[in-house]
Amino acid sequence: MNLDLAGKCAIVGGASQGIGYGIAHLLASEGARVAITARRERDLRTAAEKMAAETGAEILPVQADCRLAADCDRVVKTVGDAFGRIDILVNNDGAPPLGDLSSFDDAAWQKAMEQNFMYVARMCRGVLPIMQERGGSILNITAISAIQPIPRFGLSVASWGAVIGYAKTLALEVARFSINVNTICPGYVDTQRLEKVFSTGDKPARQMRSELEREVPLGRIGSVSDIASLVALLVSPRGSYITGTVIPVDGGLFRAVR
Ligand SMILES: NC(=O)c1ccc[n+]([C@@H]2O[C@H](COP(=O)([O-])OP(=O)(O)OC[C@H]3O[C@@H](n4cnc5c(N)ncnc54)[C@H](OP(=O)(O)O)[C@@H]3O)[C@@H](O)[C@H]2O)c1
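What follows is the structure, encoded as structure tokens:
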């Protein structure tokens, strides 16, 4: 299926590695011009060069910390000026630290809200005036824990809960501009983040991996392309009738009758 992404202009957050990199790479392979962001500039530039060489697409690296309002504004302005349009916004980044809810002070909560929620609100507010001209697509990456809470993931669960409420409301408000807004909740995905979890756990990494695999009904850890494939569909014209949804991509981890 041709996704009709050629000529579209996208911003993908947290895209120097991991899920963001995989999404940006797939959109670029499908013919989109893609701006990618991350904090560490050297890694971001290396990722942009690799992606451009492998896809032949125009890749624009914009260094930014998504927790900072000024950086969010600068990303939108830089990309708007460079591309002249923004058709696709993928909100993705890192995640707040783990810990029991009772252990977090106000500063930790504020940091988590800046990273997970205010980032999304600021980026959407920034791109909407540009996106409204032609229609477009907004996609948030959260996690399965946002809809099926996990102890010690509370900072993310609570702040991504806000993202889901925001996205569902925004979907209603911008539908008249032909903009769709969706949220994906990945389960376990093979990235450096997951490797870090394995290497800092209290059991050998190999054992932790096989325990997680047994937990997943489909019997494997997800790949970055498992996530990117759905994102590419949802942000393409082929997915334009899908909006306001919250979709787990988790090998069957999410258990509920909704
Ligand atoms: N991997 C999983 O199993 C999994 C499962 C469910 C949900 N998720 C969620 O999916 C998202 C991506 O995860 P991942 O596994 O791809 O992580 P990752 O491999 O650690 O990659 C994170 C990317 O985001 C960038 N980033 C982190 N903090 C940022 C900030 N404050 N501002 C701008 N960029 C930032 C990183 O670059 P810099 O460090 O240079 O900024 C990097 O490019 C996270 O929110 C994660 O919680 C992951």
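Each residue of the sequence shown is one higher than the one before, starting from 0 at the first, in numbering that gives the first Met the number 0.
Heads up, the beta-carbon is just placed ideally off N, CA and C, and yes, glycines get one too.
Just list the residues that DSSP pairs Phe-152 with in beta bridges. Gly-98
So which of Cys-65, Gly-251 and Val-173 has the shortest CA-CA distance to Tyr-187? Gly-251
Leaving out five residues before and five after Leu-88 in sequence, what residues of the same chain have Cβ atoms less than 8 angstroms from its Cβ? Ala-9, Ile-10, Met-122, Cys-123, Val-126, Met-130, Gly-135, Ser-136, Ile-137 and Leu-138
Quick check: is any heavy atom of ligand 1 less than 7 angstroms from the C-beta of Leu-193? It does: the Cβ of Leu-193 is within 7 angstroms (strictly closer) of some heavy atom of ligand 1.
Proximity winner among Ile-22, Cys-65 and Tyr-20, relative to Arg-38 (alpha-carbon distances): Cys-65
Would you decide whether Tyr-240 is buried or exposed? Buried here means 16 or more other CB atoms lie within 10 Å of its CB. With fewer than 16 Cβ atoms within 10 Å of its Cβ, Tyr-240 is classed as exposed.
Once DSSP output is grouped into helix, strand and coil, what is the label at Ala-258? There is simply no residue 258 to check, as the chain begins at 0 and stops at 257 in what is shown.
Quick check: the Cα distance between Leu-154 and Phe-176, rounded to an integer number of angstroms? Taking the CA atoms as reference points, Leu-154 sits about 33 angstroms from Phe-176.
List the whole-angstrom C-beta distance separating Ile-85 from Val-78, where the pair is believed to meet the contact cut-off of C-beta under 8 angstroms. Contact between Ile-85 and Val-78 holds, with the beta-carbon distance rounding to 6 angstroms and staying under 8 angstroms.
State yes or no: is the C-beta of Thr-190 within less than 8 angstroms of the C-beta of Gln-16? yes
Quick one: does the C-beta of Pro-185 sit closer than 7 angstroms to a heavy atom of ligand 1? yes
Assumed close pair Thr-182, Val-162 - CB separation to whole angstroms, cut-off 8 angstroms: 7 angstroms
If we count the other Cβ atoms within 10 Å of its Cβ and call it buried at 16 or more, is Ala-227 buried or exposed? buried
Can you tell which of Ala-14, Ala-81, Leu-67 and Ala-68 has its C-alpha closest to the C-alpha of Met-50? Ala-14
Per DSSP, what kind of secondary structure is Ser-15 in: helix, strand or coil? coil
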